[in-house]
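Each residue of the sequence shown is one higher than the one before, starting from 1 at the first, in my numbering. C-beta atoms are modelled at their ideal positions from N, C-alpha and C, and glycine is treated no differently. Remember, predicted model here, so these are calculated numbers, not experimental data.
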Amino acid sequence: MIEEKIRIGRKKGIPKHRLIQYVRGQMDGSINILRFDSTANPQCSVPCVFCRKVLIKFDISVRCIGPSGESFCGNLQDDAAPVSKLTSGQKRRMHLRGDRID
């Protein structure tokens, strides 16, 4: 979604140094991340490590569900933010065995 907003901004001629402000404005500064299982129950929806870095770069506030079912709303740089994990594809690509990166 963010890549699409960047592409549209570049197409409109937004200067590179203004793209972050443009994207943040287009997204109203926040995003809701929800995941559901096959029975429509909400599941952990914490963004992965790479998504987390992009969301922090663009200073986008996040609303998601943590691993233990608690709801989180705020910036991912907050101390109360849930810990992000690498996806299995990211682990394969990076040849890692570990599970977490902060």
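Problem - Where Ile20 falls: helix, strand or coil (DSSP) - result: Within the sequence shown, numbered from 1, the residue matching residue 20 stands at position 20. Ile20 falls in the helix class under three-state DSSP.
Handout entry: Neighbourhood of Gln77 by C-beta distance below 7 angstroms, restricted to the same chain and skipping five residues each side
Key = Numbered from its first residue, the sequence shown carries residue 77 at position 77. Within the same chain, Gln77 has close Cβ partners Ile56.
Handout entry: Under the three-state DSSP convention, the category Lys12 falls into
Key = Within the sequence shown, residue 12 is the residue found at index 12, counting from 1. Residue state for Lys12 is assigned as coil, using DSSP reduced to three classes.
Problem - Closest by C-alpha distance to Asp37, when choosing among Met1, Ile31 and Ser45 - result: Taking the first residue of the sequence shown as 1, we reach residue 37 at position 37. Nearest of Met1, Ile31 and Ser45 to Asp37, Cα basis: Ser45.
Problem - Continuous beta strand (DSSP E) stretch holding Phe72: start and end - result: Numbered from its first residue, the sequence shown carries residue 72 at position 72. Taken as a continuous stretch (DSSP letters only), the beta strand (DSSP E) holding Phe72 covers Ser71 to Gly74.
Problem - Entirely enclosed beta strand (DSSP E) segments - the segment 25-94, minimum 3 residues - result: Counting only runs of 3 or more residues that sit fully inside the segment 25-94, the beta strand (DSSP E) segments are 30-32, 61-65 and 71-74, in chain order.
Exercise for the section: Evaluate contact between the segment 57-69 and the segment 25-41, counting only Cβ atoms and requiring at least three cross-stretch pairs below 8 angstroms. Expected result: yes
Practice task
Give the straight-line distance between the Cα atoms of Val49 and Thr87, rounded to the nearest whole angstrom.
Solution key: Along the sequence shown, one-based indexing puts residue 49 at 49. Along the sequence shown, one-based indexing puts residue 87 at 87. Roughly 8 angstroms between the two C-alpha positions.
Problem - Spatial neighbours of Val23 in its chain, beta-carbon cut-off 7 angstroms, leaving aside the 5 residues before and after - result: Within the sequence shown, the letter at position 23 stands for residue 23. Cβ within range, chain order: Ile2, Lys5, Ile6, Gly9 and Phe58.
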